[in-house]
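Below is one structure; the comments refer to it alone.
2 protein chains.
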Amino acid sequence: MFSKACEYGIKASTYIALQSLEMNRVSLKEIASEINSPIAFTAKILHKLAKNDILESVKGPYGGFQIKKERIDSIKLAHIVAAIDGDDIYNGCALGLDECNALQPCPLHEKFVGIRSDLKKMLENTSLYEVATGLEVGLTFLKR
Amino acid sequence: MFSKACEYGIKASTYIALQSLEMNRVSLKEIASEINSPIAFTAKILHKLAKNDILESVKGPYGGFQIKKERIDSIKLAHIVAAIDGDDIYNGCALGLDECNALQPCPLHEKFVGIRSDLKKMLENTSLYEVATGLEVGLTFLKR
DNA sequence: CTTATTTAAGATAATTTTGTCCGAATAGCA
DNA sequence: TGCTATTCGGACAAAATTATCTTAAATAAG
Ligand code: SF4
Ligand code: SF4
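Quick mapping for you: the protein sequence lines, in order, are chains A and B.
Numbering follows this note's numbering, in which position 137 of the first sequence is assigned residue number 127; successive positions increment by one, without gaps.
Numbering follows this note's numbering, in which position 131 of the second sequence is assigned residue number 121; successive positions increment by one, without gaps.
Now the structure itself:
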């Protein structure tokens, strides 16, 4: 459904949010180990998210990544996905056709558009806060 | 959403079905040109579909691909997708986690499972006949 | 100011997906 | 039989994605 990069992005953001709620800044190393992802690859993804104003990075000793507490609820999964995978999900059609004539859609159009818009809505309505706090019970799931 | 191979597979099957309804057997060349796909790559995909009993291939002069008229309605998109992409869509979770504890699902589980099962249902309920005949008006869409 | 620590950035490598090429096998036809 | 059109099947190549390595830049602390 999403690219590997995007999955890491979501998991990492979730972990950072969880720690930021307790005022902990976390290092790249810690994040990668916590979500079981390749360190350097994760670095690029976090960098991208930082450039997209989704999280903040701090260099130097005691540096790392964090998210402003008050923003955790306004950051939606859709923002993360868009920053990493772009808007491919929203645009292309299921069959990968280049463009589409809305006046004479193929027989699948209605159905696909419905499902895709459900997904979109879900991503837009689900905040990082929701995901992070929703799993405080079984935190280990981020490792899988 | 689907792999490129899968997209070609759906488009090709649709075209073959459309022609088979009129008792025309179509060649690889014709198919590839009709759906705008790389010839050799398309060959592999069609071959795979043939091995999965989704379509029939005939070698030699006047050979090509076809689908038994009476089967066109019982072949569902799900069959094609499964033959090419396997069952990845149905198994993995949105976050790409290896396994999942249904007893203590992450906060996204309900939502994702719902959307995914909608997609699954749609693929299982949509037959090649439906797709092929549904677009007889604007056939050129397969080129895009 | 120096050093240790940590992210930034770019080059490089491995893997997967997508795409190409070519000889072999098959079938129709003269 | 021999010729030709076509799929089959495997080896090969290119492109995209994922992952690693190396060096630079920033910054906190002594
Ligand atoms: S009309 Fe059909 S081909 Fe076009 S965007 Fe919709 S589903 Fe895709
Ligand atoms: S519980 Fe969460 S992590 Fe597990 S399969 Fe469901 S969505 Fe994925």
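Ideal Cβ positions, reconstructed from N, Cα and C, are used throughout, including at glycine.
Ranked by Cα distance from PRO51 (chain A), the options A:TYR(-2), A:LEU113, A:VAL16 and A:ILE35 are led by A:VAL16.
GLU12 (chain A) carries a coil assignment under DSSP once its states are collapsed to helix, strand and coil. For ILE105 (chain A), the chain B residues whose Cβ falls inside 7 Å of its Cβ are ILE105, ASP108, LEU109 and MET112, in order along the chain.
Taking C-alpha positions only, PHE55 (chain A) is separated from LYS38 (chain B) by approximately 47 Å. Under DSSP, GLY54 (chain A) forms a beta bridge with A:VAL48.
For SER107 (chain A), the secondary structure class from DSSP, reduced to helix, strand or coil, is helix. The beta carbon of ALA40 (chain A) sits closer than 7 Å to those of GLU46 and SER47, all from its chain and outside the five residues before and after it, given in chain order.
Annotation: the continuous alpha helix (DSSP H) that includes ASN81 (chain B) extends over 78 to 81. With fewer than 16 other Cβ atoms from the protein chains shown falling within 10 Å of its own Cβ, MET13 (chain B) counts as exposed.
Taken through DSSP and simplified to helix, strand or coil, SER3 (chain A) comes out as helix.
Interface criterion not met: the Cβ of LYS34 (chain B) is under 7 Å from no Cβ in chain A. At least 7 Å separates the beta-carbon of LEU109 (chain A) from that of ILE74 (chain B). At a cut-off of 7 Å between beta carbons, GLY76 (chain B) makes no contact with chain A. Look at the beta carbons and you see the stretch 111 to 120 of chain A not touching the stretch 112 to 120 of chain B: under three pairs across the two are nearer than 8 Å. Judged by DSSP secondary structure, GLU20 (chain A) falls within the alpha helix (DSSP H) whose first and last residues are 18 to 25. Taking C-beta atoms under 8 Å as the contact rule, ILE57 (chain A) and ILE6 (chain A) qualify, at a distance of about 6 Å.
Relative to the Cα of LYS(-6) (chain B), the nearest Cα in the group B:ILE79, B:PHE31, B:ASP78 and B:LYS66 belongs to B:PHE31. Comparing alpha carbon positions, the residue from B:THR123, B:SER27 and B:GLY53 closest to GLY(-1) (chain B) is B:SER27. For LEU98 (chain A), no alpha helix (DSSP H) segment is defined, and its DSSP state is neither H nor E. Within the stretch 45 to 72 of chain B, the residues whose Cβ lies closer than 9 Å to some Cβ of chain A are LEU67, listed in chain order. At least one beta carbon of chain A lies nearer than 7 Å to the beta carbon of LYS101 (chain B). Chain B places a beta carbon closer than 7 Å to that of VAL121 (chain A), counting this residue as a contact. If you draw a straight line from the Cα of SER107 (chain A) to the Cα of LYS49 (chain B), it is about 44 Å long. Between LEU36 (chain A) and ALA122 (chain A), the CB-CB gap reaches or exceeds 7 Å.
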